[in-house]
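Contents: one structure, followed by commentary.
Number of protein chains: 2
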Amino acid sequence: MRVSDLGEFGLIELVQQWTQTTGPDFVSPAAYRLAVPNGDDAAAITFPSGPVTELYTTDTMVDGVHFTSATTPWRDLGWKAIASNISDVAAMGGDPAAVLITLGMPPDTLVSDIRDLYLGMIDICGEFGAQIIGGDMVRSPLAFITVALTGVATGPPMVRTAAEPGHLVAVTGPVGGSAGGLRQLLDGCGASNSGESTLILQHRRPYPHAAAGKMLVAAGVSSAMDVSDGLADDLAKLCSASGVAATIFSHQVPALPALKTAFPNNWLDLALYGGEDYVLLFTAPGDIMDAALLALPEGAAVVGEITDGDRGVVTILDESGTPVPPAGAGWDHFAD
Amino acid sequence: MRVSDLGEFGLIELVQQWTQTTGPDFVSPAAYRLAVPNGDDAAAITFPSGPVTELYTTDTMVDGVHFTSATTPWRDLGWKAIASNISDVAAMGGDPAAVLITLGMPPDTLVSDIRDLYLGMIDICGEFGAQIIGGDMVRSPLAFITVALTGVATGPPMVRTAAEPGHLVAVTGPVGGSAGGLRQLLDGCGASNSGESTLILQHRRPYPHAAAGKMLVAAGVSSAMDVSDGLADDLAKLCSASGVAATIFSHQVPALPALKTAFPNNWLDLALYGGEDYVLLFTAPGDIMDAALLALPEGAAVVGEITDGDRGVVTILDESGTPVPPAGAGWDHFAD
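Chains P and Y, in that order, are what the protein sequence lines are. Note that the first sequence covers residues 1 to 336 in this note's numbering. Note that the second sequence covers residues 1001 to 1336 in this note's numbering.
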């Protein structure tokens, strides 16, 4: 059997099974405790007398698969490579801290491009108080960037496994903007460097919701993940991890006016299935949801509810209660 | 200017300069202190009230550059990918703890190969008390494995910047075995799975010197690194980081009898320039060196001394005091 037959998520399940052989009764020489295992946005460990929970995450971008220099300048690529990791840590309610950068690149890569890449990484590290402390650089026929990021959380980490029937489902901001920006870039609209559209900026400089993540923890939210593969698809993952189902009310899904203007006929598809939004998706009972929405900045919205239907199934209803047919699919890393 | 014009170490220096803009007066929201910055075997951070120093390292292997399935079976590849990272942590005097695995692979990769890869990783994690807690899997036209490893040290981390003129230079075990094994594999000797030679096992299952690293710290050693790119080349890096020079006495360099037997004419070249040895290289004044050698298992040996010559220059002398001409060069990731 090949990886493509199994798909990304089948493979991830297998790897989780294999690596659990070092298992729940594992005792590390360092005597830390694995508070949140593999399978969430980030793994979380606590040291017995340590002051914080540490969060560990890693994310990779491969040339021609996750980016092309045609749609993403190097400096923005540097920003994005770290943004996706900060977003994972934000989804647990943490702040980023230490960053390791691995670069694979062909020997004929321009040094000035690498410098631009690092400038973008330094931009976002400065913005979020993170620090690049090490890494590795290797020769590779094709370019790739792997970021490993350690974060810290002072409260209990939010997880994907805590959604319960009756919870409301919400996002911390509008979705679909990044996908709209990518569509504009691929269509050749607004690809000039000057006067980039709002949507292209969303695609090139996504701003992880780290502050929102901490507000959620403070409000008592325990169930969250980040939206990286599309709202509908990521909600299905959260439901699958929690053993529940969900309904999305499509008319409640928040989107930027710029998205609705640029894509009047299919903005909802982009909002539901677009990906790379890096807002947070969370669920909570009504009273905690009220407190969370009061604390969050404008743009956050309730978009649905958790139900006790078939595990991992997300139903999308329009304003009249009619099911919206699925128009797209989330990102599978091994799909053709 | 292209990366190949600059070379690996020129590029690393530039990146260190760029990333220092988040600089020495950087205050993290997590309030940790960067005890050992980018440029050593691992970065080290301490939390104000934390019980240990945390070590962070990452290492990547790219198909066709750092390995080929012809010379390294998948299970051994899994072992090696983590071994190089454990060795980095060992060089600081620490134990490995949490591991993140990133795999890039073509969609037609066999799931059974990925399973073998993980079995090798689980083998070495079990041996060294480490635990795989997360990672990322992505589609890529060519396979690569990136390991990010967090370790812990209870004593002060050993660094590359602490060698001083008058120190003796030693290694914690024989060198050249892995390079000899690779040579045998490439020459087609002993490539069968049964009855693998001692040297091929050294190449396929290098055993990081984590226990030795802790013995060194206990003996008072403060200057060390691991030997991954060849003894002569790595000693030059240590000297460069410390602003000193060194002399190697070639007749004192320890090598396995199997290496001398298999390569009677060029075992010394393999020992000096081979790479992937994963023993530790360390320097210390005479009294501390005596204590360290008493504590270390058989195979450790003094191989030279630190001098106040030109920064980073390593001179190799034979038994009669005659300079040995350089016969090879260390590994540059961007050389052709």
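Glycine included, every Cβ here is placed at the ideal spot set by N, Cα and C.
If we call anything under 7 Å between Cβ atoms a contact, is residue 302 of chain P one with residue 246 of chain P? no
What residues are listed by DSSP as bridge partners for residue 57 of chain P? P:149
Just curious, the beta strand (DSSP E) that residue 1098 of chain Y is in, first and last residue? 1095-1105
Helix, strand or coil at residue 1314 of chain Y according to DSSP, with G and I counted as helix: strand
With burial defined as no fewer than 16 other Cβ atoms inside 10 Å of the residue's Cβ, what is the status of residue 85 of chain P: buried or exposed? buried
State yes or no: is the C-beta of residue 1153 of chain Y within less than 7 Å of the C-beta of residue 1092 of chain Y? yes
Can you pull the chain Y neighbours of residue 34 of chain P, defined as C-beta to C-beta under 9 Å? 1098, 1131 and 1133
Residues of chain Y with CB under 8 Å from residue 233 of chain P, in chain order? Chain Y residues near residue 233 of chain P: none, gap ~16 Å exceeds 8 Å.
Does DSSP put residue 1003 of chain Y in a helix, in a strand, or in coil? helix
Please go through the same chain and pick out, in chain order, the residues whose beta-carbon is closer than 6 Å to the beta-carbon of residue 87 of chain P, but skip the five residues on each side of it. 208, 226 and 278
Give me the Cα-Cα distance between residue 35 of chain P and residue 1285 of chain Y, rounded to the nearest whole angstrom. 44 Å
Between the alpha carbons of residue 166 of chain P and residue 274 of chain P, how many angstroms are there, rounded? 27 Å
Could you tell me whether the Cβ atoms of residue 1081 of chain Y and residue 1145 of chain Y are closer together than 7 Å? yes
By a C-beta neighbour count over all protein chains shown, 10 Å radius and 16 as the cutoff for buried, is residue 319 of chain P buried or exposed? exposed
Please compile the residues from chain Y whose C-beta is within a distance smaller than 8 Å of the C-beta of residue 104 of chain P. 1060, 1062 and 1144
As assigned by DSSP and simplified to three states, the class of residue 52 of chain P: coil
With a 10 Å radius around its C-beta and 16 neighbouring C-beta atoms as the bar for buried, classify residue 64 of chain P as buried or exposed. exposed
Residue 314 of chain P touches chain C at which residues, Cβ-Cβ below 7 Å? In the structure shown, chain C does not exist; the protein chains are P and Y.
When you compare only the Cα positions, how much space is there between residue 1079 of chain Y and residue 137 of chain P? 21 Å
Hey, is residue 4 of chain P's beta-carbon within less than 7 Å of any beta-carbon in chain Y? yes
Since residue 224 of chain P contacts residue 158 of chain P with CB under 8 Å, what's their CB separation in whole angstroms? 4 Å
At a CB distance below 7 Å, what residues from the stretch 1071-1085 of chain Y approach chain P? Give them in sequence order. none
Chain Y beta carbons: is any one of them nearer than 7 Å to that of residue 1 of chain P? yes
Decide if residue 265 of chain P is buried, meaning its Cβ has at least 16 other Cβ atoms within 10 Å, or exposed. exposed
Answer yes or no: does any C-beta atom of chain Y fall closer than 7 Å to that of residue 68 of chain P? no
For residue 1020 of chain Y, the residue or residues it bridges with in DSSP: Paired residue(s): none; residue 1020 of chain Y is not in a bridge.
Where does residue 1126 of chain Y land, buried or exposed, given buried means 16+ other C-beta within 10 angstroms? exposed
Would you kindly check if the distance between the Cβ of residue 1181 of chain Y and the Cβ of residue 1270 of chain Y is under 7 Å? no
I'd like the list of long-range same chain contacts for residue 24 of chain P, defined as Cβ closer than 6 Å, with 5 residues on each side in sequence excluded. In this prediction, residue 24 of chain P has a pLDDT of 48, which is less than 50 and means its spatial position is unreliable; nothing more can be read from the coordinates.
Let me know if residue 75 of chain P comes out buried or exposed under the rule of 16 or more other beta-carbons within 10 Å of its beta-carbon. buried
Measure from the C-beta of residue 1038 of chain Y to each C-beta in chain P and report whether the shortest distance is under 7 Å. yes
Rounded to a whole number of angstroms, what is the C-alpha to C-alpha distance between residue 1258 of chain Y and residue 235 of chain P? 58 Å
Cβ shell of residue 118 of chain P (< 7 Å), same chain only, five flanking positions each side left out: 78
Residues in the same chain with beta-carbon distance under 6 Å from residue 100 of chain P, minus the five sequence neighbours each way, listed in chain order, please. 134, 135 and 148
Thinking just about the alpha-carbon of each residue, which of Y:1057, Y:1206 and Y:1068 is nearest to the one in residue 1124 of chain Y? Y:1206
Using CA atoms only, rank isn't needed, just tell me which of P:122, P:260, P:116 and P:186 is closest to residue 177 of chain P. P:260
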